[in-house]
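Student: Residue numbers (this note's numbering): 73 to 360.
1) Between which residues of its own chain and residue 251 is the CB-CB distance below 6 angstroms, once the five residues before and five after are set aside?
2) Going along the chain, which residues of its own chain have a beta-carbon closer than 8 angstroms to the beta-carbon of residue 355, five neighbours each way excluded?
3) Considering only DSSP beta bridges, list what residue 150 is partnered with.
4) Give the DSSP-derived three-state secondary structure of residue 195 in the structure shown.
5) Using only the alpha-carbon positions, how far apart do residue 259 and residue 171 sit?
6) Suppose the cutoff is 7 angstroms on Cβ atoms and the five residues either side in sequence are ignored; what does the same chain contact list for residue 199 look like?
7) Please determine, among 314, 208 and 244, the residue with the shortest C-alpha to C-alpha distance to residue 224.
8) Excluding the five sequence neighbours on either side, which residues of its own chain have a C-beta within less than 7 angstroms of the C-beta of residue 191, listed in chain order?
9) For the alpha helix (DSSP H) that contains residue 131, what are its first and last residues?
10) For the alpha helix (DSSP H) containing residue 260, name the first residue and the last one.
11) Along the chain, where does the beta strand (DSSP E) that runs through residue 162 open and close?
12) Buried or exposed, going by whether 16 or more other CB atoms sit within 10 Å of the CB of residue 175?
13) Round the Cβ separation of residue 152 and residue 182 to the nearest angstrom and send it over; I've been treating them as touching at under 8 angstroms.
14) Distance, Cα to Cα, residue 188 vs residue 163?
15) Span of the beta strand (DSSP E) holding residue 308?
16) If you measure between the beta carbons of residue 209 and residue 146, is that distance less than 7 angstroms?
17) When you compare the segment 266-279 with the segment 233-240, are there three or more beta-carbon pairs, one atom per stretch, that lie closer than 8 angstroms?
18) Quick check: the Cα distance between residue 121 and residue 314, rounded to an integer number of angstroms?
19) To the nearest angstrom, how far is the alpha carbon of residue 165 from that of residue 117?
20) Checking the sheet assignment: what are the DSSP bridge partners for residue 287?
21) Based on Cα-Cα distance, which residue from 217, 140 and 207 lies nearest to residue 304?
22) Which term fits residue 137, buried or exposed, when burial requires 16 or more other beta carbons within 10 angstroms of its beta carbon?
23) Within 10 angstroms of the Cβ of residue 195, are there 16 or more other Cβ atoms? Answer buried if so, exposed if not.
24) Express the C-alpha separation of residue 126 and residue 156 in angstroms, rounding to a whole number.
25) Identify the residues that DSSP records as bridge partners of residue 281: which are they?
26) Along the chain, where does the alpha helix (DSSP H) containing residue 118 start, and where does it finish?
27) Can you list, in chain order, the residues of its chain with a C-beta nearer than 7 angstroms to that of residue 230? Leave out the 5 residues immediately preceding and following it.
28) Whose C-alpha, out of 264, 167, 257 and 242, is nearest the C-alpha of residue 132?
29) Given a cut-off of 7 angstroms on the beta-carbon distance, is the pair residue 168 and residue 179 in contact?
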């Protein structure tokens, strides 16, 4: 009888402890929005929570700055695809707050989705593929151009490797398009990329506009699943080609090639190069 009582008491204690652990787990899950990619053991996730950042991705931008000093001398910054706002928080903490008295310093965050406001940061809900968005950005800069444009945007992952790489490359080119409208000569562009077999093509496209293009992977960038492919391009010293006219047109994505898509001058040379695809599939035996 004594054995049964003791066993019953032990079982009750174990059940109570298990219930408590499950409750803690549920609380942590709610705190992390039940994202299966997030682990409480992730040091950068915990550091983001401790330091008040909205996402662990804040440390990616911080580590890029440590390595390449992209914040030096910057007064006007644009954060594309900014939601939930962790990169905007970094820009605010590192550029705006230390220079509160400088009226020239402005940070503009752009996203097609709603984003919780940040004190001192101008938020635009807009599509980065629209000229009106670029015009609204320069309006907030009083007609001046940005010193730095950053983008941590990524499309929804489909699980199809080639499709995800293509969608990400199109997002980068959309970011580059709007950047040519808003970035000053000599400025810097930083964007997320997914590594793939066409990296050399993307590199060549960016080299048209920037003197230096470097691909980096911060320590805080995860090394699991598709994110293993995640890296960033740091494009410095923006030098647009002679006579180049910024445009939001995407010839490859338009159904009909009309007068609207017809390029002239230096644009007629650049755009076909940027639109070229992967010709690996065409074997010599087919070219008869």
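Ideal Cβ placement from N, Cα and C applies to all residues, glycine included.
Tutor: Walking through what the data contain:
1) 221 and 261
2) At residue 355, the pLDDT of 44 sits below 50, so the modelled position is not reliable; the number obtained from the coordinates is stated separately. Correct list: empty, nothing qualifies.
3) 180 and 221
4) strand
5) 20 angstroms
6) 184 and 205
7) 244
8) none
9) 130-140
10) Counting along the chain, residue 260 falls outside any alpha helix (DSSP H), though it belongs to the beta strand (DSSP E) covering 255-266.
11) No beta strand (DSSP E) holds residue 162; the alpha helix (DSSP H) holding it covers 158-163.
12) exposed
13) 5 angstroms
14) 16 angstroms
15) 302-310
16) no
17) yes
18) 47 angstroms
19) 18 angstroms
20) 305
21) 140
22) buried
23) buried
24) 7 angstroms
25) Per DSSP, none; premise fails for residue 281.
26) 115-123
27) 236
28) 264
29) yes
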